[in-house]
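Using UniProt numbering, the first residue of the sequence shown is number 1, and each one after it goes up by one.
By construction, the Cβ of each residue, glycine as well, lies at the ideal position given by its N, Cα and C atoms.
Just below is one structure, and these are the notes that go with it.
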Amino acid sequence: MTTNNEVEQNGALIVKSEASEATVIAKINFPDFDQEDIETWFICLEASFHVNGIKLDKFKFNTVIVALGSRAKYVHSVIKQCQNENNSNKYETLKEAVIAHFQPSETQRLSSLLSGMSLGDQKPSVLLSEMRRLGGAGCTDNILTNLWLRALPNTTRAIIAAMPTATLDDQAKVADKILEAPREQISSIQHRGDGATINSLEQRIEALTQRLDEALTARKCEKQKADNPNVPCIFFDGKIEVYSRPRPM
1 MTTNNEVEQN GALIVKSEAS EATVIAKINF PDFDQEDIET WFICLEASFH
51 VNGIKLDKFK FNTVIVALGS RAKYVHSVIK QCQNENNSNK YETLKEAVIA
101 HFQPSETQRL SSLLSGMSLG DQKPSVLLSE MRRLGGAGCT DNILTNLWLR
151 ALPNTTRAII AAMPTATLDD QAKVADKILE APREQISSIQ HRGDGATINS
201 LEQRIEALTQ RLDEALTARK CEKQKADNPN VPCIFFDGKI EVYSRPRPM
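Set out below in structure tokens:
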């Protein structure tokens, strides 16, 4: 059995340990809170705890609150909950709340990474490929579309906007074709009146849309042939007509 004397000794050791840690923690220069890189900040903070022998949960918890300063208001409800409950894991609870609030989402991170990219002299399709490479597996076409469109010239972006059903890769191919137009042709269009410019753009949009429809139709025909090699298909006004050869008599 544990005697009263042993309990008193253990209590004295705990008090001494707390007093020792309190003295040490008051002298530590902890890293300043870094809202731009929360995970790295916690790594540095926990390294400071380890090096200086800070083990008590309440000291770690209070250190984070001090570091947050006025930003503690964003996790105030979690702080109050930890203070009001007999929670032996206050630090980890607060850490999770801070990361959840300040750490940017994957979409925000990718947007920050890719928004500074410009078209320059490269083709739109090349820019799209580079964005995909930098974005990694988590960068979906839904995320990429707006970021990629922002980098395109206004005229090109307006034409692409008229193709909402086309895939992002098909849109990139059309954008390549638009920007491949000779500068003299573009210049002559710009020097005409507004009506001529609009008419010219409408004609180009119509031509590009027709070419895209033909390409998509051809792709459907190829798939039809792959699925049914003995059933040929032909085109009528951009549409696929499938027919079967008559059986020999």
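Residue 144 and residue 163 - do their beta-carbons sit closer together than 9 Å? For residue 163 and residue 144, no; Cβs fall outside 9 Å.
Option nearest residue 101 by Cα separation, candidates 79, 53, 117 and 75: It is 75.
Whole-angstrom distance between residue 40 and residue 34, CA atom to CA atom: About 8 Å.
Once you ignore the five residues that flank residue 149 on each side, which residues in its own chain have a CB closer than 6 Å to its CB? 157, listed in sequence order.
Cα-Cα, which of 155, 128, 85 and 159 is closest to residue 168? Looking at the Cα atoms, 128 is the closest of the given residues.
Alpha carbon to alpha carbon, how far is residue 136 from residue 208? Give it in angstroms, no decimals. If you draw a straight line from the Cα of residue 208 to the Cα of residue 136, it comes to about 31 Å.
Assign residue 68 to one of two classes, buried (16 or more other C-beta atoms within 10 Å of its C-beta) or exposed (fewer than that). Counting the other CB atoms within 10 Å of its CB gives residue 68 a total of 16 or more, which places it among the buried residues.
In this structure, does DSSP put residue 125 in helix, strand or coil? The answer is helix: DSSP assigns residue 125 an H, G or I state.
Meets three-Cβ-pair contact criterion under 8 Å: the stretch 22-29 and the stretch 50-66: The stretch 22-29 is in contact with the stretch 50-66.
Below 8 Å CB to CB, which residues in the same chain sit around residue 70 once its five sequence neighbours on both sides are set aside? Excluding sequence positions up to five before and after residue 70, its CB lies less than 8 Å from no other CB in the same chain.
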